[in-house]
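Input: a single structure, listed below in structure tokens.
Chains as they are written, first to last, in my numbering: chain Z, 13 to 308; chain W, 117 to 448; chain A, 552 to 868.
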């Protein structure tokens, strides 16, 4: 019983502590989360400082038949592809696209899906039914198929790719946010807020959402990873980023004919995808544990 | 014929957590006579449940750790038994009832099967015989035998607690530990369940430890009372000694905190402050900073037991020098 | 009743919930008055509708039917804007000090919220002073200002809830089991605090509880509820010395008393509370009542005066 729940917390502190700091303290204890954070930090640096690392026009885009299919070495760290372009440079610029598309498409899904989910969860009843049943129809179609359909309809471009991946993730976000809101809205402090005269939108913004953040943050982190996967997959089948723009998925697609003799052409883009997705998943898992025990 | 069913000596349990060490139980002695009921009274965090779990050797380890103590149940030294033997003893020699009947039953099993399962673990019976016995147990706790094929959610809170009692008593334990068995129930249902427990205790001639914070419940079912505070038993005695000859200031404080239903004008005199931090117990008496009678000595020295009768003792600095000392609170 | 001004009149209040099995009669046609500066105890076991009554009065739930007249105005007919204005006067203290405070806000933010929201004090510094004043009033040490509720014990958390309820121009508070989640010694501290505040600020309370000893200590008048019905109501003294309804009698006798002197025979009721969904037209207590007659199973007893200011709904009187 409560013998165990008594803790040092009984001794009150005098300074206001930030709750984010507490989360960070717990997150720091997880080795895998830290590994994920370091990896993703490296990728972020690559994306931000890409122009300092490699020349976009000359290394990543320009065909250079003389230097085609070179093995990794001092000149070309990761070797060159079938058009003689530097694979390292292409991966560096590919990072920009992958992270950008991942984050933006998840933002689209979070904004739209989150709003719908919050409304459905908070008001319940008919509104809930209409919103969630509509989204259930979307959910019945596999995410990647839905994205393919949308891109096919809108045409292949970066913007359309983000929209497609974003829209196909809306139902997932709506569900997670709705569940989080449902678990919060029946708590007494929501009623307490109503009792002092708060309006609905104040209650949702000030009390419901901040308290349902934990599962949403975790889900969003994991979803960035799967959005990156989706982007790569769509590009792989030619529906995403169009060549010659460097993108990990299309690099895989371009190099797959040479896999027998020049494995590095697909090895490095593949590794880039695996590592970003893995690091985001590690962070997501770490966050889940760090955010979870907050309120015993 | 009387005898001692349970004897606990110098039990100390602590929990090692990230934030520090919680001294949950700090050297307590308990003995329960055959057929009698001991009330273990105290507030949240006093160590009541930890004490009960130690008797069943169910302290979660980690973080729990039994630092010292001898536990003797029906002549067997429990601390030395291997885990496999302990499993036979739990539910056989000693059973426990928990506070919340809502979570104590498995929601996907019929109640009859749940009782039969407990019976089969401890007695070599066929499924048919076990189910037959389960039906008898249900009827004994006042539930029609025909309801044994129903699921827990079809029962109300009071009925569920009856089922839990039926499971606990199915192997005729020598000792029943009841941890706040009626706290979650309504008053009229509480009265029913208490009545039932008293009746069954007589019928099966078992001993009982009743863990509670409610002195009203104690007055109704207990023969002896131990008052716990911050992991120590601060006062122990027969029901009459504790109620009519209260010696410890904390015991007195508990009595004065309860609104008196027969005298509505009586003023409540709450104990001030909060229970001391279990991470950091004071060197002297743990109750010292909430006590109206505190002296200098109380802050620095642990009080020793002072006996008023073979059964009645108190751990308080007020008495060694002056056994005639009377608490002023109008009680006792 | 003439001696004091009536602050709140509840007339034929009903609250039904739709459930898949039928209409759940949570509150079924209850009527009572509440005098200014006094406390009405609303007593009953779980599921009797006492908490629903409290929430319907504050319009945290919308009533199905009936009138709630506060200071001459029918609360049920107020516009959302008028209602928000009224919320400055009528407040609630919750049972569970662990779920009634937003875990992401500090103590001072929680107490400040109603003042800020209702734009009572616009100046930040003055508002902060008011928060400190409120903390002093309810006996919360000022150094706890920046702690989060989960770092505090139940008693202190309940004090935060009380401070928050007092932050506005509070005149009337519904106390929904404010002490039942607390330890005995802390319970007494909070009860004394509530009593003291009532005296100091002239508050009017509805005190909802299942604990009869607490309600006796605390209330001037008591109303006993059973399955959505008000079955007996009288002054606390009258009710405890002279209970009339068989349920009230059983309830009173069932309380475990912390004393060795045995006071009268215990009445142990048989059975349990029946379903509040689509109740039949009979006395709701008939199936558990030791004195039930045919008439009890055939029609519902009205609330009648059995003595001076003592009302009871029972066919036997």
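Glycine included, C-beta positions come from ideal geometry on N, C-alpha and C.
* Asked: Whose CA, out of W:414, W:304, W:171, W:142, lies closest to the CA of residue 148 of chain W?
  -> What you label residue 148 of chain W is simply residue 32 of the second chain in a count that begins at 1. Checking every option, the nearest Cα to that of residue 148 of chain W belongs to W:171.
* **8 Å Cβ shell around residue 289 of chain Z - same chain, five flanking residues per side excluded** => Position 277 of the first chain, counting from 1, holds the residue named residue 289 of chain Z. Once the five neighbours on either side are set aside, the close Cβ partners of residue 289 of chain Z are 237, 238, 240, 241.
* Asked: Quick one: is residue 336 of chain W near chain A, going by C-beta distance under 9 Å?
  -> As a first step, residue 336 of chain W must be located in the second chain, where it is residue number 220. Judged by the 9 Å Cβ criterion, residue 336 of chain W is in contact with chain A.
* **Distance, residue 334 of chain W Cα to residue 190 of chain Z Cα** => Within the first chain, numbered from 1, the residue matching residue 190 of chain Z stands at position 178. Within the second chain, numbered from 1, the residue matching residue 334 of chain W stands at position 218. About 47 Å.
* Asked: Along chain Z, in chain order, which residues have C-beta atoms closer than 9 Å to that of residue 642 of chain A?
  -> Locating residue 642 of chain A in the third chain gives position 91, counting from the first residue. By Cβ distance, chain Z contributes 207, 208.
* Helix, strand or coil: which one does DSSP assign to residue 292 of chain W? -> To locate residue 292 of chain W, count along the second chain from 1; it is residue 176. The answer is strand: DSSP assigns residue 292 of chain W an E or B state.
* With 9 Å as the threshold, decide whether the Cβ of residue 810 of chain A is near any Cβ in chain W. => Residue mapping note: residue 810 of chain A aligns to position 259 of the third chain, counting from 1. Judged by the 9 Å Cβ criterion, residue 810 of chain A is in contact with chain W.
* Between residue 306 of chain W and residue 297 of chain Z, what straight-line distance do the alpha-carbon atoms span, to the nearest angstrom? -> Position 190 of the second chain, counted from the first residue, corresponds to residue 306 of chain W. Position 285 of the first chain, counted from the first residue, corresponds to residue 297 of chain Z. In a straight line, the C-alpha of residue 306 of chain W is about 45 Å away from that of residue 297 of chain Z.
* **Neighbourhood of residue 695 of chain A by C-beta, 6 Å cutoff - its chain only, sequence neighbours within 5 removed** => Residue 695 of chain A sits at position 144 when you count from the first residue of the third chain. Only 658 meet the Cβ criterion.
* Would you list, in sequence order, the uninterrupted alpha helix (DSSP H) runs of no fewer than 4 residues that lie entirely inside the region 193 to 249 of chain W? => The qualifying runs are 199 to 205, 217 to 220, 227 to 238.
* Asked: Would the region 226 to 237 of chain W and the region 269 to 284 of chain W be scored as touching if the rule is three or more Cβ pairs under 8 Å?
  -> Under the three-pair Cβ rule at 8 Å, the region 226 to 237 of chain W counts as touching the region 269 to 284 of chain W.
* Can you name the residues of chain A whose CB is closer than 9 Å to the CB of residue 227 of chain Z? -> Sequence index remark: in the first chain, residue 227 of chain Z carries index 215 (1-based). Under the 9 Å cutoff, chain A gives no residues; its nearest Cβ is about 15 Å from residue 227 of chain Z.
* Name the two residues that bound the continuous beta strand (DSSP E) containing residue 147 of chain W. => Taking the second chain and counting its residues from 1, one reaches residue 147 of chain W at position 31. Its beta strand (DSSP E) spans residues 136 to 149.
* My guess is that residue 94 of chain Z and residue 270 of chain Z are in contact by the Cβ rule of under 8 Å, so how many angstroms apart are they, rounded? -> The residue labelled residue 94 of chain Z in the question sits at position 82 within the first chain. The residue labelled residue 270 of chain Z in the question sits at position 258 within the first chain. At roughly 6 Å, the Cβ-Cβ gap stays under 8 Å, so residue 94 of chain Z and residue 270 of chain Z are in contact.
* To do: Specify, as a first and last residue, the run of the alpha helix (DSSP H) that residue 344 of chain W falls within.
  => Along the second chain, one-based indexing puts residue 344 of chain W at 228. In this chain, residue 344 of chain W is not harboured by any alpha helix (DSSP H); it is covered by the beta strand (DSSP E) spanning 340 to 345.
* Taking the C-alpha atoms as reference points, what is the distance between residue 484 of chain W and residue 786 of chain A? -> Past the edges of chain W, shown from 117 to 448, lies residue 484 of chain W, and the structure says nothing about it.
* Could you confirm whether any beta carbon from chain A is found closer than 9 Å to the beta carbon of residue 307 of chain W? => For the purposes of this step, residue 307 of chain W is taken as the residue at position 191 of the second chain. Interface residue, yes.
* Beta carbon of residue 610 of chain A, beta carbon of residue 771 of chain A: below 9 Å? -> As a position in the third chain, residue 610 of chain A is number 59, starting the count at 1. As a position in the third chain, residue 771 of chain A is number 220, starting the count at 1. Not a contact, by the Cβ cut-off of 9 Å.
* Run the CB neighbour count on residue 18 of chain Z, radius 10 Å, all protein chains shown included, and call it buried at 16 or more, exposed below. => By 1-based counting over the first chain, the position of residue 18 of chain Z is 6. A caution first: residue 18 of chain Z carries a pLDDT of 38, below 50, which makes its placement in the model too unreliable to give a value.
* Which first and last residues belong to the alpha helix (DSSP H) in which residue 39 of chain Z is found? -> For the purposes of this step, residue 39 of chain Z is identified with residue 27 of the first chain, where counting begins at 1. Run containing residue 39 of chain Z: 31 to 40, per the alpha helix (DSSP H) assignment.
* Just the C-alpha distance for residue 259 of chain Z and residue 112 of chain Z, rounded to the nearest angstrom, thanks. => For the purposes of this step, residue 259 of chain Z is taken as residue 247 along the first chain, with counting starting at 1. For the purposes of this step, residue 112 of chain Z is taken as residue 100 along the first chain, with counting starting at 1. Their Cα atoms are separated by approximately 11 Å.
* **Of the residues W:119, W:256, W:273, the one placed nearest residue 221 of chain W, counting alpha carbons only** => Walking along the second chain from the start, residue 221 of chain W turns up at place 105. The option with the nearest alpha carbon to residue 221 of chain W is W:273.
* Asked: If you draw a straight line from the C-alpha of residue 243 of chain W to the C-alpha of residue 236 of chain W, how long is it?
  -> Translated into the one-based positions of the second chain, residue 243 of chain W becomes position 127. Translated into the one-based positions of the second chain, residue 236 of chain W becomes position 120. Residue 243 of chain W and residue 236 of chain W have their C-alpha atoms spaced approximately 8 Å apart.
* Asked: Got a sec: is the Cβ-Cβ distance from residue 718 of chain A to anything in chain Z below 9 Å?
  -> The residue given as residue 718 of chain A occupies position 167 in the third chain. Residue 718 of chain A counts as touching chain Z.
* Opposite residue 776 of chain A in the DSSP bridges: which residues? -> Here residue 776 of chain A refers to the residue found at position 225 when the third chain is read from its first residue. For residue 776 of chain A, which the question treats as bridged, DSSP gives the partners A:781.
* Asked: Going along chain A in order, which residues have a C-beta closer than 7 Å to the C-beta of residue 160 of chain W?
  -> Against the second chain, residue 160 of chain W aligns to sequence position 44. Going along chain A in sequence order, the residues near residue 160 of chain W (Cβ under 7 Å) are 734.
* **Pairwise C-alpha distance: residue 207 of chain Z and residue 730 of chain A** => Along the third chain, read from residue 1 onward, the residue named residue 730 of chain A stands at position 179. Along the first chain, read from residue 1 onward, the residue named residue 207 of chain Z stands at position 195. C-alpha separation (whole angstroms): 19 Å.
* To do: Please name the residue in A:596, A:710, A:746, A:791 whose C-alpha comes closest to that of residue 760 of chain A.
  => What you label residue 760 of chain A is simply residue 209 of the third chain in a count that begins at 1. For the residues A:596, A:710, A:746, A:791, the minimum Cα distance to residue 760 of chain A belongs to A:596.
* Given a cut-off of 9 Å, decide if residue 827 of chain A and residue 577 of chain A are closer than it, judged by their beta-carbon atoms. => Indexing the third chain from 1 puts residue 577 of chain A at position 26. Indexing the third chain from 1 puts residue 827 of chain A at position 276. Going by C-beta atoms, residue 577 of chain A is nearer than 9 Å to residue 827 of chain A.
* alpha helix (DSSP H) runs contained entirely in the region 35 to 91 of chain Z, provided each spans 4 or more residues -> 43 to 60, 62 to 65
* Report yes or no: do the region 615 to 622 of chain A and the region 654 to 668 of chain A share at least 3 C-beta pairs separated by less than 8 Å? => no
* Below 6 Å CB to CB, which residues in the same chain sit around residue 348 of chain W once its five sequence neighbours on both sides are set aside? => Start at 1 with the first residue of the second chain, and residue 348 of chain W comes out as number 232. Excluding sequence neighbours, residue 348 of chain W sits near 142.
* Asked: Tell me the DSSP bridge mates of residue 592 of chain A?
  -> The residue labelled residue 592 of chain A in the question sits at position 41 within the third chain. Paired residues: A:758, A:773.
* Asked: Among W:432, W:326, W:418, which residue has its Cα nearest to the Cα of residue 365 of chain W?
  -> In the second chain, counting from the first residue as 1, residue 365 of chain W sits at position 249. Of the listed residues, the one whose Cα sits closest to residue 365 of chain W is W:432.
* Asked: From W:205, W:384, W:363, W:354, pick the residue whose C-alpha is nearest to that of residue 438 of chain W; which is it?
  -> In the second chain, the residue the question calls residue 438 of chain W occupies position 322. Cα-wise, what sits closest to residue 438 of chain W is W:363.
* Asked: Do we get a CB-CB distance below 9 Å when we pair residue 303 of chain Z with the residues of chain A?
  -> Locating residue 303 of chain Z in the first chain gives position 291, where the first residue counts as 1. False, the Cβ-Cβ gap to chain A never drops below 9 Å.
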